[in-house]
Each structure stands twice: as structure tokens, then as C-alpha cells.
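Notes to accompany the following structure.
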Amino acid sequence: MTGPPTVKAWSASIPYLETRFPYMEHKNTAQVLNDVAQYLCDNWPRKTSDKPGDPFILHRDNAAFITYALPGGLKGRIETTTLVGAVAFLLDDAVESQWTLAEKKQLFGRISGLVLGTTTPIPRNQYEAVIVDVFARFRATDKPGHPALGVKCCDEFIRWVNTATKQKNRVYISSQDSLEEYIECRYTDVGVWYRVFIQVVLELQLKSACFRWTYSLLCWGYDLSLPEHIQDDPDMRAVDIIGARHAMLVNDLFSYDVEVNAAKENSKSGVDNMVVNAIPVVMKEKSLKEEEAVKLISSHIHQLEDEFLEIEAKLNAKYSGDDQKTCGRYITALKHLFGGNLEWSRHCVRYHPAAE
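With the UniProt record's numbering, the residue at position 101 of the sequence shown is 101, and numbering never jumps.
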């Protein structure tokens with residue numbers, strides 16, 4: 001298990017959460033984060049409420065998710081993966097609180113062509129210009145005779161956006177009677193990540209377009225193509241699903257305080273004050289206090305890690321030669337992804353605004 005940093009709490013109600021997954025940052029983190037933050041300061045529209053210096057700090061904070069999640073990403077690709085991760089967060093925020101319904105419909109109606117390079121951005125529309133620029137970088141890496149990982153990443157991003165725009169009613173999601181039912185619903189809601197990377201359709205559709213896009217981003221960042229027979233292996237699908245559940249529950253734990261505070265502020269304005277999070281679902285299901293629900297979810301996260309590691313051992317014994325090496329690279333990348341998600345969540349300004 002990776003050792004904890006000095007600070008062992010991020011909330012009065014949530015204890016420090018150990019992880020059995022490794023975590024580390026990419027070796028080029030400092031330069032990549034500065035370059036990505038500067039690019040977005042120069043090209044992404046600013047909010048009128050921004051204070052001097054705020055955009056750079058927040059862009060850098062969002063971008064850091066990828067430098068934690070893909071610590072082994074190729075040097076020539078880590079900046080692009082980091083940039084698109086930050087853009088995903090920005091789109092999430094814009095959809096949630098900045099854009100009008102008309103603005104959302106306009107972008108979502110054009111997103112496929114913008115991402116695939118078949119639609120020209122509207123003049124002086126900075127959102128569209130950034131999307132076109134970023135995804136052109138993915139497609140540019142695809143070569144004849146090789147797996148089209150760049151186009152795959154573009155396709156999965158489009159799938160994620162299309163799924164997010166059809167997300168289930170938030171009241172329906174938060175009213176589920178059990179953690180398992182909540183997870184099933186949340187798979188298709190997480191992400192308008194990422195809300196992690198994070199928030200987010202492997203087997204259960206494969207249930208989350210967000211996580212499916214994340215996995216395609218991982219493969220592109222590592223230039224890692226899984227043979228079809230490995231992709232179709234039930235054990236491989238199982239680790240993908242377990243990992244997605246892990247990331248979602250980690251997200252819910254770390255974002256809980258921010259979500260509760262946002263709901264309180266929203267209620268004052270007479271707008272949606274619904275908290276879509278596993279903690280209140282477990283409190284209701286098990287008749288637990290908040291602290292007890294947090295402990296139960298933390299225990300469930302550790303159980304998922306144990307299941308993941310057990311299946312990893314099965315996969316390692318099942319394959320040999322090049323298949324074993326490829327499978328091993330992918331599983332290692334997944335462990336870094338989920339361990340990195342947890343470690344980034346532990347420190348990020350997004351979930352800990354007081355640390356800004």
C-alpha cells in the first residue's frame with residue numbers, strides 16, 4: 001500500500017482513505033501544468049467573476065488530474081491528454097452553471113463535427129475553437145496500418161457528451177433505495193467525470209460513457225492497443241467495471257462537502273439543491289449517521305480494490321508472451337489511474353476550495 005502524505009484529513013467528517021493502488025505524478029508535471037494552464041488562459045473564455053490569477057490556478061488544478069492519473073503517459077502525448085482533461089472539467093462547469101439552454105443545444109448539436117474535424121467552428125466562438133484544436137491533436141497521431149487510437153478517443157468523447165445530455169433526472173438518481181441501485185444509475189450520470197475524469201460504458205452499456213472515454217484516453221496516452229480477445233475477456237471487463245465503481249465512489253467521498261455547500265447556496269437562490277452522492281443514499285438505506293455511511297463506503301472502496309487485485313492475478317496467470325506484457329501494461333496503467341484519481345482528489349482545489 002502506498003504511504004500517506006503528512007495531512008491525513010480533508011474534511012471534519014471524512015477520515016483519511018488509504019489505497020491499495022499506487023500513485024505518483026508524471027515526471028514532466030510542472031512544465032505540462034504550466035503550459036496547459038497558460039493555453040487555457042489565452043484561449044478559453046473567462047468568467048466575469050474571475051479574479052486576477054484565478055483562471056491560471058484553477059486550470060492548473062483541473063489539469064493535474066491527468067498528471068496523477070496517467071503518470072506513465074508518453075512524453076509527446078501527456079500535454080494533450082492533460083489539456084483535454086482540463087477542457088472536460090470546464091465543459092462540465094459550463095453546462096452545470098454558466099450556459100443557457102440555447103447555448104447548450106447549439107454546442108451539443110455541433111459537437112460531433114467539431115471533435116471529428118468535419119465542422120468549422122463559428123467565428124469568434126472560443127469554446128468551439130478550443131475543441132477543434134484539441135481533438136485534431138488526437139487524430140493527427142493515427143497512422144495507416146496501426147490502431148486508430150486517436151479517432152477512438154474522439155468517438156468515445158462524443159459518446160460521453162451524447163450520454164451526458166440524456167442523463168437521468170437527478171431526483172431519480174438521488175432517490176435510489178440502495179448503494180447498488182445508486183451506482184447503476186450514477187454510471188450514466190457521472191460526467192456532465194469526471195465529475196473525476198474522471199466523473200465519466202464498458203459492460204453495463206458498458207454503463208458509463210464517461211469511463212469508456214477515460215479508458216480510451218488512457219490507451220491513447222500510453223499508445224497501448226489491447227487485442228480484441230483481451231478486450232473481450234470477461235475478467236478484463238470486470239476490472240474495468242470495478243475500477244469505474246472505485247473512481248465514482250472516491251469522487252463522491254471527496255466531493256461531498258463541496259456538493260453539500262453548493263446545495264445550501266442554491267437553495268437560497270431557489271434553484272436545484274439536490275445532492276447526488278452515495279453518502280446520503282447509504283444513510284437512507286442503512287439508517288446510518290453521516291460518519292457511519294462514510295466508513296461503509298470507504299470499506300466498499302477497499303473491497304473493490306481487493307477484487308481488482310484478485311482478478312489481476314488471474315489475468316497474469318492466464319496469458320503469456322506478448323499478451324501477458326500487454327495485459328500487464330494495461331492493468332498497471334489502470335491501477336495508476338485509480339490511485340492517481342484518489343490522490344488528486346485528496347489535494348485538488350476543486351474539492352477543497354479553502355486550500356486555494
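Where is the CB? At the ideal position from N, CA and C, for every residue including glycine.
In this text the structure is predicted, and so the values were computed from the model without any measurement.
| Item | Value |
| --- | --- |
| Cβ of Glu156 within 8 Å of any chain C Cβ | Structure shown: chain C not included; a single protein chain is present. |
| Coil, strand or helix - Trp160 by DSSP | helix |
| Closest by C-alpha distance to Cys41, when choosing among Leu101, Leu315, Ile57, Thr163 | Ile57 |
| Rounded straight-line distance, which links the Cα of Glu343 to that of Met24 | 8 Å |
| CB contact flag (Met55, Tyr127, <8 Å) | For the sequence presented, residue 55 should be read as Pro rather than Met. Result no, Cβ atoms of Pro55 and Tyr127 do not sit closer than 8 Å. |
| Closest Cα partner of Asn277 within the set Arg212, Asp252, Glu290 | Asp252 |
| C-alpha distance - Lys314 paired with Asp235, whole-angstrom precision | 8 Å |
| C-beta contact flag for Ala263 and Val250 at 8 Å | no |
| Cβ shell of Glu307 (< 7 Å), same chain only, five flanking positions each side left out | Ile242 |
| Assumed close pair Ile158, Ile111 - CB separation to whole angstroms, cut-off 8 Å | 6 Å |
| C-beta atoms of Pro22 and Lys325 nearer than 8 Å | no |
| Cβ-Cβ distance between Ala63 and Ala37 below 8 Å | yes |
| At least three beta-carbon pairs within less than 8 Å, the stretch 142-151 to the stretch 82-99 | no |
| Short Cβ contact (8 Å threshold) for Leu296 with Leu288 | yes |
| Best match in Val115, Asp240, Thr163 for proximity to residue 441 [C-alpha to C-alpha] | Because the chain here runs from 1 to 356, residue 441 falls outside it and cannot be looked at. |
| Contact belief for Ala244 with Ile311 at Cβ below 8 Å, rounded distance in angstroms | Going by Cβ atoms, the distance from Ala244 to Ile311 rounds to 14 Å, so no, they are not a contact pair. |
| Boundaries of the alpha helix (DSSP H) in which Gln126 is found, first to last residue | 126-139 |
| DSSP three-state assignment for Phe21, whether helix, strand or coil | coil |
| Nearest residue (CA-CA) to Glu181, options Val349, Glu285, Ala317, Glu18 | Glu285 |
| Cβ-Cβ separation, Gly73 to Tyr215 (assumed contact under 8 Å), whole Å | Actually they do not touch by this definition, with Cβ atoms about 14 Å apart. |
| Ser287: first and last residue of the uninterrupted alpha helix (DSSP H) it sits in | Segment: none, Ser287 is in no alpha helix (DSSP H) and carries neither H nor E. |
| 8 Å Cβ cutoff met for Thr80 and Arg137 | yes |
| CA nearest to the CA of Ala354, picked from Val258, Ala140, Leu17 | Val258 |
| C-beta contact flag for Leu226 and Tyr330 at 8 Å | yes |
| Check whether Leu218 and Val134 have beta carbons under 8 Å apart | no |
| Within 8 Å, strictly: CB atoms of Arg346 and Asp61 | no |
| 7 Å Cβ shell around Val282 - same chain, five flanking residues per side excluded | Leu179, Leu288, Ala293, Leu296, Ile297 |
| Asn125 to Leu107 span [Cα, whole Å] | 10 Å |
| Same chain, Cβ closer than 8 Å to Asn169, five either side skipped, listed in chain order | Since pLDDT at Asn169 reaches only 48, below the 50 mark, its modelled position is unreliable, and the value read off the structure follows with that caveat. Within the same chain, Asn169 has no close Cβ partners at all. |
| From Pro280, Thr118, Phe254, Asn162, residue whose alpha carbon lies closest to that of Arg16 | Position check: residue 16 holds Tyr in this sequence, whereas Arg was assumed. Out of Pro280, Thr118, Phe254, Asn162, Phe254 has the C-alpha closest to the C-alpha of Tyr16. |
| Beta-carbon proximity check, His352 vs Ile301, cutoff 8 Å | no |
| Helix, strand or coil at Gln205 [DSSP, three-state] | With a pLDDT of 40 at Gln205, under the threshold of 50, the modelled position of this residue cannot be trusted; read the value that follows with caution. The answer is coil: DSSP assigns Gln205 none of H, G, I, E or B. |
| Where His347 falls: helix, strand or coil (DSSP) | helix |
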